[in-house]
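Peer 1: Attaching a single structure in structure tokens format; questions to follow.
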Amino acid sequence: MKIPFHKSHITNQEIEAVVSVMKSNWLTMGEKTIEFENNFKEYLGVDYAVSCNSATSALHLALKAIGLKEADEVIIPTNTFIASAEVITYFNAIPVLCDIEADTFNIDINKIEELITKKTKAIMPVHIAGQPCDMDEILSIANKHHLKVIEDSAHTLPATYKNKKIGTIGDITCFSFYPTKTMTTGEGGMATTSNATYAKNMKINRLHGIDRDAWDRYKMGSKASWYYEIVDNGFKYNTTDLASSLGIEQLKKLEQMNSARFKIAEIYSQEFSKQKNIIIPTVKTDRTSAWHLYIIKVSNRDELYEKLKEVGIGTSVHFIPVHMHPYYKNKFRYKETDYPVANINFKKILSLPIFPGMSEEEIQYVVENVCKYAK
Ligand SMILES: *Cc1c(COP(=O)(O)O)cnc(C)c1O
Numbered sequence: 001m002k003i004p005f006h007k008s009h010i011t012n013q014e015i016e017a018v019v020s021v022m023k024s025n026w027l028t029m030g031e032k033t034i035e036f037e038n039n040f041k042e043y044l045g046v047d048y049a050v051s052c053n054s055a056t057s058a059l060h061l062a063l064k065a066i067g068l069k070e071a072d073e074v075i076i077p078t079n080t081f082i083a084s085a086e087v088i089t090y091f092n093a094i095p096v097l098c099d100i101e102a103d104t105f106n107i108d109i110n111k112i113e114e115l116i117t118k119k120t121k122a123i124m125p126v127h128i129a130g131q132p133c134d135m136d137e138i139l140s141i142a143n144k145h146h147l148k149v150i151e152d153s154a155h156t157l158p159a160t161y162k163n164k165k166i167g168t169i170g171d172i173t174c175f176s177f178y179p180t181k182t183m184t185t186g187e188g189g190m191a192t193t194s195n196a197t198y199a200k201n202m203k204i205n206r207l208h209g210i211d212r213d214a215w216d217r218y219k220m221g222s223k224a225s226w227y228y229e230i231v232d233n234g235f236k237y238n239t240t241d242l243a244s245s246l247g248i249e250q251l252k253k254l255e256q257m258n259s260a261r262f263k264i265a266e267i268y269s270q271e272f273s274k275q276k277n278i279i280i281p282t283v284k285t286d287r288t289s290a291w292h293l294y295i296i297k298v299s300n301r302d303e304l305y306e307k308l309k310e311v312g313i314g315t316s317v318h319f320i321p322v323h324m325h326p327y328y329k330n331k332f333r334y335k336e337t338d339y340p341v342a343n344i345n346f347k348k349i350l351s352l353p354i355f356p357g358m359s360e361e362e363i364q365y366v367v368e369n370v371c372k373y374a375k
């Protein structure tokens with residue numbers, strides 16, 4: 001049997017939607033993108049949703065919207081994908097790394113405050129594997145020190161924290177529609193916020209800094225729709241109607257895909273909890289997970305990875321901590337000893353296949369082989 005680490009759930013529903021855009025006369029950002037943004041913000045119950053071509057660009061726009069400047073500091077967990085750190089460096093600002101919790105793999109809320117300095121501008125929690133961070137604690141630290149909260153929510157659609165949907169909590173929340181994430185547009189991202197100023201800033205900067213309302217003010221009498229003004233130094237970060245039409249269809253079945261993931265997680269946890277060699281992921285009772293990843297901890301991670309590969313099961317590691325990557329280590333002089341929990345965690349973690357469309361047989365095959373080879 002061959003089980004990939006991930007397979008996107010694409011059916012005729014998506015294929016027909018994309019083909020109909022291809023047959024239309026408008027391929028890039030247009031009506032379908034507006035429809036996707038509207039559906040997305042309605043689904044979450046948030047005021048603004050700004051689509052762009054990746055979560056990385058959404059995070060970049062978010063940091064620009066809050067006015068991040070050179071030499072500012074942003075606190076992020078060291079256990080994350082490099083994009084979370086990278087976007088901070090776009091401003092010549094500094095990613096300040098925080099250690100993580102052993103049970104949730106998320107930023108350790110008890111270690112955030114000691115990292116705050118006069119230069120700290122924001123906290124960027126990352127909801128690892130789809131489980132929300134302790135947002136009440138993070139918001140209270142942020143309020144106390146007048147910091148912004150930008151959530152890297154690339155793993156976390158849909159998920160809730162104390163019955164609130166992720167996407168409605170922090171100042172700005174950024175989602176990813178990369179193929180391995182919980183829904184996809186091929187490549188894509190979305191930033192959500194309830195702050196009108198941030199939303200407008202992100203919309204302007206995702207497309208070259210063009211102010212689209214400018215022609216309303218253009219006093220030549222005619223509807224001079226060719227007129228625009230550049231009001232900021234923006235980027236080319238917009239998405240396309242091709243991608244958005246895929247997103248519209250994926251969003252319709254998001255809950256269905258989430259319950260399929262949840263069921264796989266339940267079976268895994270039930271079976272692996274019988275094994276004393278395997279530590280299963282725990283989700284705290286006041287939150288729900290998007291189950292983007294199912295991460296186990298074992299003492300023979302590298303061996304298990306190889307064994308599973310030999311029997312046709314694709315697995316992966318999330319993540320190599322930021323402080324271990326040569327570029328970041330050299331540039332920001334991170335000290336390995338500052339992140340004891342993340343260091344131990346990194347040696348043990350393995351992400352197993354969890355995607356809608358996995359058959360009972362495939363799930364059982366993973367269970368059997370993980371139980372057989374885990375030490
Ligand atoms: C995937 C991922 C991103 C980047 O998403 P893209 O849409 O590929 O830019 C950012 N942060 C985390 C934690 C991710 O896993």
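Under the working numbering, think of the first position of the sequence shown as 1, with each following residue one higher.
Beta carbons are placed, not taken as given, at the ideal position from N, Cα and C, and that holds for glycine.
Since the structure is predicted, the reported quantities are computational estimates derived from the model, not experimental observations.
1. With a 10 Å radius around its C-beta and 16 neighbouring C-beta atoms as the bar for buried, classify SER244 as buried or exposed.
2. Any chance the CB of HIS155 is under 7 Å from a heavy atom of ligand 1?
3. Can the beta-carbon of THR192 be found closer than 8 Å to that of ALA83?
4. CB-CB under 6 Å to ALA58, same chain, minus the five flanking residues each way: which ones, in chain order?
5. Using alpha carbons as the reference points, say which of ILE75, PHE40, VAL370 and THR11 lies closest to ILE141.
6. Short check: CB of ASP241 to CB of GLU229, under 8 Å?
7. With a threshold of 16 other CB atoms inside 10 Å of the CB of PRO326, please say whether the residue is buried or exposed.
8. Kindly list the residues whose CB is nearer than 6 Å to the CB of SER269, restricted to its own chain and excluding five residues on each side of it in sequence; keep chain order.
9. Rounded to a whole number of angstroms, what is the C-alpha to C-alpha distance between ASN195 and ILE354?
10. Alpha carbon to alpha carbon, what distance is there between SER54 and ASN39?
11. Could you tell me the distance, in whole angstroms, from the CA atom of LYS307 to the CA atom of ALA85?
12. Counting only the same chain and skipping the five closest in sequence on each side, list residues whose C-beta sits under 6 Å from that of CYS286.
13. What ranges does the alpha helix (DSSP H) occupy inside the stretch 74 to 122, keeping only unbroken runs of at least 4 residues that lie completely in it?
14. GLN256: buried (16+ other C-beta within 10 angstroms of its C-beta) or exposed?
15. GLU266 and MET1 look like a contact to me (Cβ under 8 Å); what is the Cβ gap, rounded to whole Å?
16. Between which residues of its own chain and GLY186 is the CB-CB distance below 6 Å, once the five residues before and five after are set aside?
17. Determine the contact status of LEU293 and HIS155, defining contact as a CB-CB distance below 8 Å.
18. So does the stretch 364 to 375 actually touch the stretch 12 to 28, counting three or more Cβ pairs closer than 8 Å?
19. In this structure, how does DSSP classify MET183 when only helix, strand and coil are distinguished?
20. Quick check: does the Cβ of ASP286 come within less than 7 Å of any heavy atom belonging to ligand 1?
21. Between LYS64 and ASN201, which are expected to be in contact by the criterion C-beta below 8 Å, what is the C-beta distance as a whole number of angstroms?
22. Can you grab the Cα-Cα spacing for the pair ILE94 / TYR328, in whole Å?
23. Return the bridge partner residues of LEU352 from the DSSP annotation.
24. Pull up the CB-CB distance for PHE235 and ASN205, whole angstroms please, since I reckon it's below 8 Å.
25. Determine the direct distance from the alpha carbon of MET29 to that of PRO77, and round the result to whole angstroms.
26. Taking the beta carbon of SER289 as the centre, do at least 16 other beta carbons fall within 10 Å, making it buried, or is it exposed?
27. Going residue by residue through the stretch 154 to 183, where are the continuous beta strand (DSSP E) segments of at least 3 residues, counting only ones entirely within it?
28. Which residue comes first and which comes last in the alpha helix (DSSP H) that contains ALA62?
29. Find out if the Cβ-Cβ distance for the pair GLN275, GLU14 is shorter than 8 Å.
30. I believe ALA62 touches ILE150 by the beta-carbon criterion, under 8 Å. Please report the beta-carbon distance rounded to the nearest angstrom.
31. Buried or exposed: where does GLU16 fall if 16 or more other Cβ atoms within 10 Å of its Cβ makes it buried?
32. Using the three-state DSSP reduction, which class does CYS133 fall into: helix, strand or coil?
33. Spell out a yes or no on whether the stretch 315 to 322 and the stretch 158 to 172 are touching, meaning 3 or more CB-CB pairs, one atom from each, closer than 8 Å.
34. How about ASP152 and THR80: do their beta carbons lie closer than 8 Å?
35. Take the Cβ of ARG333 as the centre, count every other Cβ of all protein chains shown within 10 Å, and call the residue buried at 16 or more, exposed below.
36. Can you name the start and end residues of the alpha helix (DSSP H) that ILE150 belongs to?
Peer 2: Here's the rundown:
1. Within the sequence shown, the letter at position 244 stands for residue 244. The residue in question, SER244, is buried, as its Cβ has 16 or more Cβ neighbours within 10 Å.
2. Residue mapping note: residue 155 aligns to position 155 of the sequence shown, counting from 1. Answer for HIS155: yes, Cβ within range of ligand 1.
3. In the sequence shown, residue 192 corresponds to position 192, counting from 1. In the sequence shown, residue 83 corresponds to position 83, counting from 1. No, Cβ-Cβ distance for THR192 and ALA83 is not below 8 Å.
4. Position 58 of the sequence shown, counting from 1, holds the residue named residue 58. Only CYS52, CYS174, GLY189 and ALA191 meet the Cβ criterion.
5. For the purposes of this step, residue 141 is identified with residue 141 of the sequence shown, where counting begins at 1. When each option's Cα is compared against that of ILE141, the closest is ILE75.
6. Position 241 of the sequence shown, counting from 1, holds the residue named residue 241. Position 229 of the sequence shown, counting from 1, holds the residue named residue 229. No, they are not a contact pair.
7. Reading the sequence shown from its first residue, position 326 is the one you call residue 326. Exposed.
8. Start at 1 with the first residue of the sequence shown, and residue 269 comes out as number 269. Here the set comprises ILE280.
9. Residue 195 sits at position 195 when you count from the first residue of the sequence shown. Residue 354 sits at position 354 when you count from the first residue of the sequence shown. Cα to Cα, the separation comes out at about 35 Å.
10. Walking along the sequence shown from the start, residue 39 turns up at place 39. Walking along the sequence shown from the start, residue 54 turns up at place 54. Roughly 18 Å between the two C-alpha positions.
11. The residue you call residue 307 lines up with position 307 of the sequence shown. The residue you call residue 85 lines up with position 85 of the sequence shown. The straight-line gap from Cα to Cα measures roughly 32 Å.
12. Start at 1 with the first residue of the sequence shown, and residue 286 comes out as number 286. What sits at residue 286 in the sequence shown is Asp, not Cys. So the list reads LYS162, once near-sequence residues are dropped.
13. 83 to 89
14. Within the sequence shown, numbered from 1, the residue matching residue 256 stands at position 256. Looking at its Cβ environment, which holds fewer than 16 other Cβ atoms inside 10 Å, GLN256 is exposed.
15. One-based indexing of the sequence shown puts residue 266 at position 266. One-based indexing of the sequence shown puts residue 1 at position 1. That pair is no contact at about 21 Å.
16. Here residue 186 refers to the residue found at position 186 of the sequence shown. The answer, listed in chain order, is ALA243.
17. Taking the sequence shown and counting its residues from 1, the one referred to as residue 293 is at position 293. Taking the sequence shown and counting its residues from 1, the one referred to as residue 155 is at position 155. Cβ atoms of LEU293 and HIS155: closer than 8 Å.
18. no
19. The residue labelled residue 183 in the question sits at position 183 within the sequence shown. Coil, per DSSP.
20. Walking along the sequence shown from the start, residue 286 turns up at place 286. Checking the Cβ of ASP286 against ligand 1 gives no.
21. In the sequence shown, residue 64 corresponds to position 64, counting from 1. In the sequence shown, residue 201 corresponds to position 201, counting from 1. That pair is a contact at about 7 Å.
22. Along the sequence shown, read from residue 1 onward, the residue named residue 94 stands at position 94. Along the sequence shown, read from residue 1 onward, the residue named residue 328 stands at position 328. Those two C-alpha atoms are separated by around 10 Å.
23. Translated into positions along the sequence shown, residue 352 becomes position 352. DSSP output for LEU352 lists TYR294 as bridge partner(s).
24. One-based indexing of the sequence shown puts residue 235 at position 235. One-based indexing of the sequence shown puts residue 205 at position 205. About 6 Å separates the two Cβ atoms, so the contact holds.
25. Within the sequence shown, the letter at position 77 stands for residue 77. Within the sequence shown, the letter at position 29 stands for residue 29. Rounded to whole angstroms, PRO77 to MET29 spans 33 Å at the Cα level.
26. On the sequence shown, residue 289 is found 289 positions in, with the first residue counted as 1. Result: buried.
27. 172 to 176
28. The residue given as residue 62 occupies position 62 in the sequence shown. Run containing ALA62: 55 to 65, per the alpha helix (DSSP H) assignment.
29. The residue you call residue 275 lines up with position 275 of the sequence shown. The residue you call residue 14 lines up with position 14 of the sequence shown. No; because the gap between Cβ atoms is not below 8 Å, this pair is not in contact.
30. Working through the sequence shown from its first residue, we reach residue 62 at position 62. Working through the sequence shown from its first residue, we reach residue 150 at position 150. Yes, they are in contact, since the Cβ atoms of ALA62 and ILE150 sit about 5 Å apart, within 8 Å.
31. For the purposes of this step, residue 16 is taken as the residue at position 16 of the sequence shown. GLU16 should be labelled exposed.
32. In the sequence shown, residue 133 corresponds to position 133, counting from 1. Three-state DSSP puts CYS133 in coil, outside helix and strand.
33. no
34. For the purposes of this step, residue 152 is identified with residue 152 of the sequence shown, where counting begins at 1. For the purposes of this step, residue 80 is identified with residue 80 of the sequence shown, where counting begins at 1. Their beta carbons are under 8 Å apart, which means ASP152 touches THR80 by this criterion.
35. As a working note, residue 333 is residue 333 in the sequence shown. ARG333 comes out exposed.
36. As a working mapping, residue 150 is identified with position 150 in the sequence shown. That residue, ILE150, is in no alpha helix (DSSP H); its beta strand (DSSP E) goes 148 to 152.
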